[in-house]
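S.K.: Following this message is one structure expressed as structure tokens.
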Amino acid sequence: MTVYSGPVFEMAVNQFGVIANHLSIPMDERDRLLLPKRAVIISCPIHRDDGSITVFEGYRVQHHLTLGPTKGGTRFAPSVDIGEVAALAIWMSWKCALVGLPYGGAKGGVRVDLSTISKRELESLSRRYMQEMIPFVGPHTDVMAPDMGTNEQVMAWFMDTYSMYQGRTVTEIVTGKPVASGGTLGRREATGRGVAHLAKRVLNELSISLNGATAVIQGFGNVGSYAALELQQFGLKVIAVSDHTGALHDPAGLDIPALMRHAGKHGSIAGFSSQLQFDPADILTLPCDVLVPAAMERVIDAKVAENLKCRVLAEGANGPTTPDADLVLEKRQDEVFLIPDVLCNAGGVIVSYFEWVQDLQQLFWEEEEVTRREYQILDRAFDTMVARARADNIPHRTAAMAIGVEKVRAAKNTRGLFP
Ligand code: GLU
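For the sequence shown, the positions run 17 to 435 when this note's numbering is used.
Here it is in structure tokens:
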């Protein structure tokens, strides 16, 4: 019995079962590896602009503390619940271990529809969330970052709130901050750049010319927009983009810098063009070379997986593909090359790690160094995943997650069980 439930949590449990079976992990070790170490649920009351008070529910799940502090984003979205946050924390653990970061996974969030609150209310909510979390987080305990619905500004409010209570500036309490407040160069672009870098590697290995290759991006937040921009800079045509307001399709290639300026100003891609509008329900099954789901979990189910017409599936989002869809993709692995989420979007947390290191040392790097080191870590993890998938004759996701789970397991076993 556990308090965690819901389809996203079930998905993380199901995936772990596949890995645990593959690694023949004894039954009595499985709960220790899978179940989160800690979970906090808080009430965040804020004053509304009209003088009333609203209480929002907030969460933080810290999956394991075996390798160092926990690390992971904070999500502000109406879908957030404890099961989703726990699943996302578990995925962060496998991701950090796969790429070799000294962290366990964490995730947090607030159940809130951002379209219903003002900027001032968002600041109050962000500050109250961090203030309620002070007993449970710290630069060597749990380090937050952005995720869906949060951004550099929210991270700056988190850092400021924590620092005001400490009586000194503690930049290392969160990552993904503005560069002006202790953030690192290259963090804003890091996740999208990593996605594009790995997709480019796979296209090269498949001997598909970058010039004129096509990309389709679902989601135009921080990850989707920078992935689109990088892919376009590599010579690809980004033929379709969607977000929560709709989709745009242009076989000649969309103007991504113009679309980013529009989305930056208006908050979404809505209103960019009436001629290019397209049914967002069809975006994932458009024929293309690179498909980047960079929005929600569970958007690729078995039916969508049967109908994918991409050559490379580069998972920018966390958990976009269901276990049923994985079974379909396993059969289609010669047609669709999967770069699984725990590797594909790991550029974000890799550069968050660089930000934390720079803040702790108060020694800041050039952007070129940040990005070079990001790609070096991603390339190494990619090589390890592909070699493992070949050696064990398993899908890429199983290989990537198995490497992560194995590292956490080895650390737990060598440390032993206290007391
Ligand atoms: N929220 C991002 C993720 O899911 C980034 C986490 C971080 O930078 O700590 O990987």
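Backbone N, C-alpha and C fix where the C-beta goes; we use that ideal spot for every residue, glycine too.
1. Whose CA, out of E246, A161, L50, lies closest to the CA of N30?
2. Suppose you measure from the CA of S131 to the CA of G121; what does that come to, to the nearest Å?
3. Quick check on the DSSP output: what are the complete alpha helix (DSSP H) runs of length 4 or more inside the stretch 36-90, in order along the chain?
4. Mind checking whether the beta-carbon of G89 lies closer than 8 Å to any heavy atom of the ligand GLU?
5. At the level of alpha carbons, what is the spacing between F32 and G420?
6. Give the straight-line distance between the Cα atoms of L214 and I233, rounded to the nearest whole angstrom.
7. Specify the secondary structure class of D305 as computed by DSSP and reduced to three states.
8. Please indicate yes or no: does the CB of L104 lie closer than 8 Å to some heavy atom of the ligand GLU?
9. Among L83, E73, V77, I69, whose alpha-carbon lies nearest the alpha-carbon of G432?
10. Run through the DSSP bridge pairs and tell me what R127 is partnered with.
11. If you follow the beta strand (DSSP E) that L114 is part of, which residue opens it and which one closes it?
12. Does the ligand GLU have even one heavy atom less than 8 Å from the beta-carbon of N334?
13. Could you check which residue in I35, M312, V344 has the C-alpha nearest to that of E331?
14. Taking 8 Å as the line, does the beta carbon of M175 fall inside it for any heavy atom of the ligand GLU?
15. Pull up the distance between the alpha-carbon of H278 and that of A341, whole angstroms please.
16. By the DSSP assignment, the alpha helix (DSSP H) with L264 in it spans what residues?
17. Mark S258 as exposed unless 16 or more other C-beta atoms lie within 10 angstroms of its C-beta, in which case mark it buried.
18. What runs of the alpha helix (DSSP H), each 4 residues or longer, lie entirely inside the stretch 186-261?
19. Start and end of the alpha helix (DSSP H) containing V159?
20. Does the beta carbon of D163 fall short of 8 Å from some heavy atom of the ligand GLU?
21. State the DSSP-derived secondary structure class of V352, mapped to helix, strand or coil.
22. Comparing alpha-carbon positions, which option in V195, R46, D350 lies nearest R425?
23. On the DSSP letters alone, give me the boundaries of the beta strand (DSSP E) that V315 sits inside.
24. Taking the straight line between their C-alpha atoms, what separation do you get for R76 and V56?
25. Can D357 and K111 be called in contact, C-beta distance under 9 Å?
26. What are the partner residues of Q293, as DSSP defines its beta bridges?
27. I'd like the list of long-range same chain contacts for G364, defined as Cβ closer than 6 Å, with 5 residues on each side in sequence excluded.
28. What did DSSP end up calling T414 once you bin it into helix, strand or coil?
29. By Cβ distance, which residues of its chain are closer than 6 Å to R96, with the 5 residues on each side in sequence left out?
30. Can you name the residues that DSSP bridges to G280?
31. For G154, does the three-state DSSP call read helix, strand or coil?
32. Using the C-alpha atoms, what's the distance from P435 back to A407?
33. Would you please state the rounded distance, in angstroms, between the beta carbons of T301 and L329? I believe it to be under 8 Å.
34. Nearest-angstrom Cα distance between H38 and I69?
35. Report the residue from R413, N361, Q378, L376 whose alpha carbon sits nearest the alpha carbon of Y391.
M.R.: According to the structure shown:
1. Your numbering for residue 30 matches position 14 in the sequence shown. Taking only the C-alpha atoms, the option nearest N30 is L50.
2. Start at 1 with the first residue of the sequence shown, and residue 131 comes out as number 115. Start at 1 with the first residue of the sequence shown, and residue 121 comes out as number 105. Those two C-alpha atoms are separated by around 29 Å.
3. 43-50
4. What you label residue 89 is simply residue 73 of the sequence shown in a count that begins at 1. G89 Cβ: within cutoff of the ligand GLU.
5. The count along the sequence shown starts at 1 and reaches residue 32 at position 16. The count along the sequence shown starts at 1 and reaches residue 420 at position 404. Between F32 and G420, the C-alpha separation is close to 11 Å.
6. For the purposes of this step, residue 214 is identified with residue 198 of the sequence shown, where counting begins at 1. For the purposes of this step, residue 233 is identified with residue 217 of the sequence shown, where counting begins at 1. Approximately 15 Å between the Cα atoms of the pair.
7. By one-based count along the sequence shown, residue 305 stands at place 289. In this structure, D305 counts as strand in the three-state DSSP scheme.
8. Indexing the sequence shown from 1 puts residue 104 at position 88. Result yes, Cβ under 8 Å from the ligand GLU.
9. One-based indexing of the sequence shown puts residue 432 at position 416. The residue with the shortest Cα to Cα distance from G432 is L83.
10. In the sequence shown, the residue the question calls residue 127 occupies position 111. According to DSSP, R127 bridges with A93.
11. Sequence index remark: in the sequence shown, residue 114 carries index 98 (1-based). Run containing L114: none in the beta strand (DSSP E); it sits in the alpha helix (DSSP H), 98-115.
12. Taking the first residue of the sequence shown as position 1, residue 334 is located at position 318. At least one heavy atom of the ligand GLU is nearer than 8 Å to the Cβ of N334, so yes.
13. Your numbering for residue 331 matches position 315 in the sequence shown. Ranking I35, M312, V344 by Cα distance to E331 puts M312 first.
14. Locating residue 175 in the sequence shown gives position 159, counting from the first residue. No; taking the cut-off as 8 Å, the Cβ of M175 has no heavy atom of the ligand GLU nearer than that.
15. In the sequence shown, counting from the first residue as 1, residue 278 sits at position 262. In the sequence shown, counting from the first residue as 1, residue 341 sits at position 325. About 34 Å.
16. Walking along the sequence shown from the start, residue 264 turns up at place 248. L264 -> not in any alpha helix (DSSP H); beta strand (DSSP E) instead, spanning 262-265.
17. Taking the sequence shown and counting its residues from 1, the one referred to as residue 258 is at position 242. Label assigned to S258: buried.
18. 203-221, 238-249
19. Walking along the sequence shown from the start, residue 159 turns up at place 143. Run containing V159: none in the alpha helix (DSSP H); it sits in the beta strand (DSSP E), 158-162.
20. Position 147 of the sequence shown, counted from the start, is the residue given in the question as residue 163. Checking every heavy atom of the ligand GLU against the Cβ of D163, one is found closer than 8 Å.
21. The count along the sequence shown starts at 1 and reaches residue 352 at position 336. It is coil, neither helix nor strand.
22. For the purposes of this step, residue 425 is taken as the residue at position 409 of the sequence shown. Taking only the C-alpha atoms, the option nearest R425 is R46.
23. As a working note, residue 315 is residue 299 in the sequence shown. No beta strand (DSSP E) holds V315; DSSP gives it neither H nor E.
24. Numbered from its first residue, the sequence shown carries residue 76 at position 60. Numbered from its first residue, the sequence shown carries residue 56 at position 40. About 5 Å.
25. If you number the sequence shown from 1, residue 357 lands on position 341. If you number the sequence shown from 1, residue 111 lands on position 95. Contact: yes.
26. In the sequence shown, counting from the first residue as 1, residue 293 sits at position 277. For Q293, which the question treats as bridged, DSSP gives the partners L264.
27. The sequence position of residue 364 within the sequence shown is 348, counting from 1. A206, T207.
28. Here residue 414 refers to the residue found at position 398 of the sequence shown. In this structure, T414 counts as helix in the three-state DSSP scheme.
29. Taking the first residue of the sequence shown as 1, we reach residue 96 at position 80. Correcting the residue identity first, residue 96 is Val in this sequence and not Arg. Result list for V96: G125, R127, in chain order.
30. Within the sequence shown, numbered from 1, the residue matching residue 280 stands at position 264. Partner(s): none; G280 has no beta bridge.
31. What you label residue 154 is simply residue 138 of the sequence shown in a count that begins at 1. Strand, per DSSP.
32. On the sequence shown, position 391 is the one that residue 407 refers to. On the sequence shown, position 419 is the one that residue 435 refers to. One C-alpha to the other measures close to 38 Å.
33. Numbered from 1 along the sequence shown, position 285 holds the residue referred to as residue 301. Numbered from 1 along the sequence shown, position 313 holds the residue referred to as residue 329. Between L329 and T301 the Cβ distance is about 12 Å, and since that is not below 8 Å, they are no contact.
34. As a first step, residue 38 must be located in the sequence shown, where it is residue number 22. As a first step, residue 69 must be located in the sequence shown, where it is residue number 53. In a straight line, the C-alpha of H38 is about 51 Å away from that of I69.
35. Translated into the one-based positions of the sequence shown, residue 391 becomes position 375. Closest by alpha carbon: N361.
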